[in-house]
Every structure is written in C-alpha cells, then in structure tokens.
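Working notes for the structure below.
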Amino acid sequence: MRFAAFLALLYTAHVVSYLVPAICLTKKEVFPDVYESTIGFANLLVYGPVCAFPLLWTLGPTKLWSGSHLISALNILNALLWSDILFYLVHRLFHTRHLYKFHSMHHQWNNVEPFAAFDASIIEHCAANILPFVLSALACNLGQLEFIYFVSLVTSSSVLAHWSQSGPHALHHRDTSVNFGAGFFLLDKLCGTFQRAN
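Start counting the sequence shown at 1343; every next residue gets the next number (the numbering used here).
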C-alpha cells in the first residue's frame, strides 16, 4: 500500500473510531457535546495528525502486515501492553505540580463524556494521547494494516473509557490519585494506584 494511502486510511479509521462510538453512546443530543468539546475535535482532526504524521512519515511501517494472523494479533497485543505502560508514565507525569496546568483541561469533566475523550491541551494531547501509542506501535514493528487496527482499538477504547460512569477512568476523573493507566492498568496494579470502581 502506498504510504499516502496508509496515512489517509489511518486518519479515517482514527476519526471514525472516535465519532461512531461517541455518537452511539451519547444519550443526549449530539450537538451540545460537540460544541462543548471543540478542543477535542481540534485535537482529533488537526493537532493529533500534525503530531503523529511526521513520526510516521520518517519511521512508519513499510510492510502491509506481518503475514500471519497469529503474529499480527500478538504484535497488536504487545503494542497495547507497551502503550498502557507508556501512557501510565506520561499521564502520571501530567499529574505532577509542574505539568498539571497542561492536564487540568481534561479534568474539567467530573462526569466523563464520550466526546470529552480528547479534550486536552495540545501539549498533553501530543505527549500523552499520541506519542505513547505511536511509539509503541512503531517499536512493535506493526504493519500498516495492524497499525490501523491498533489505532482504531485505542481510539474507541478512549471513547468507551469516557462513557462508562463506573469504570476505572471515570473513577480517575473523580479521584485524580488513582487509575492513571489505559486499558490493562498494569503499572497502576504494580504501583498501588489501581482502584476498582464499585
């Protein structure tokens, strides 16, 4: 697949993986949430790609896929595990005194909303929502199709985490000292910051 086509498909998968679950899961009208989440849409449509595409252009996947469904699944799982670890580390840094000013925008939502998944400062969005996932996928040598599938998974997972009022991430929005991870919460469990929601 030509690299420009890969980037176009990746962008489309990212946007669709955000909008479809967000629209389907939102119980109230879509437009008030869209209006309140303008920065989230700017991050989704502009700033995220501006941050990710130069990395992908220089270091991005050249092969279409790994050639085996089992190897592909294992590569994607490996990338998910590494992205969980990297996201925890970066997210935890954004909760320090010096960096919280860049992260506080995301915590304006005490009750999580699907459309608020990417509500963050541009600095935080690139450092916490883009880089851990792109670097994990590149380090795990995902092929182009695997990369697209991986991005679709983590994007829709972020929307789902901001939909569930009883999930670990919703608890993090109410108590910012717990549940810094995304997905597996591996380092939360190892570092004693994991708290199961009731």
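Ideal Cβ positions, reconstructed from N, Cα and C, are used throughout, including at glycine.
Item, Value
"Cα-Cα separation, Val-1357 to Leu-1349", "12 Å"
"Three CB pairs or more closer than 8 Å across the stretch 1461-1481 and the stretch 1422-1433", "yes"
"Sequence-distant residues of its chain with Cβ nearer than 7 Å to Ala-1355 (five each side left out)", "Ile-1490, Val-1493 and Ser-1494"
"Simplified DSSP state of Phe-1444, which is helix, strand or coil", "helix"
"Alpha carbon of Gly-1554 to alpha carbon of Trp-1505, nearest angstrom", "No answer is possible for residue 1554: the residues shown for the chain start at 1343 and end at 1540."
"Residue environment, Phe-1345, which counts as buried when at least 16 other CB atoms sit within 10 Å", "exposed"
"Residue range of the alpha helix (DSSP H) that includes Trp-1424", "1411-1435"
"Pairwise C-alpha distance: Gly-1409 and Tyr-1442", "43 Å"
"First through last residue of the alpha helix (DSSP H) which encompasses Ile-1490", "1486-1503"
"Inter-residue spacing [alpha-carbon to alpha-carbon] between Val-1388 and Arg-1538", "34 Å"
"Reduced DSSP category for Leu-1361 - H, G, I as helix; E, B as strand; rest coil", "helix"
"Where the alpha helix (DSSP H) containing Ile-1381 begins and where it ends", "1380-1384"
"Status (buried if at least 16 other CB within 10 Å, exposed otherwise) for Asn-1452", "exposed"
"Residues of its chain near Tyr-1377, where Cβ-Cβ distance is below 8 Å and the 5 sequence neighbours each way are ignored", "Because the pLDDT of Tyr-1377 is 48, which lies under 50, any placement of that residue in the model is unreliable, and the number read from its coordinates should be weighed accordingly. Result list for Tyr-1377: empty, nothing under 8 Å."
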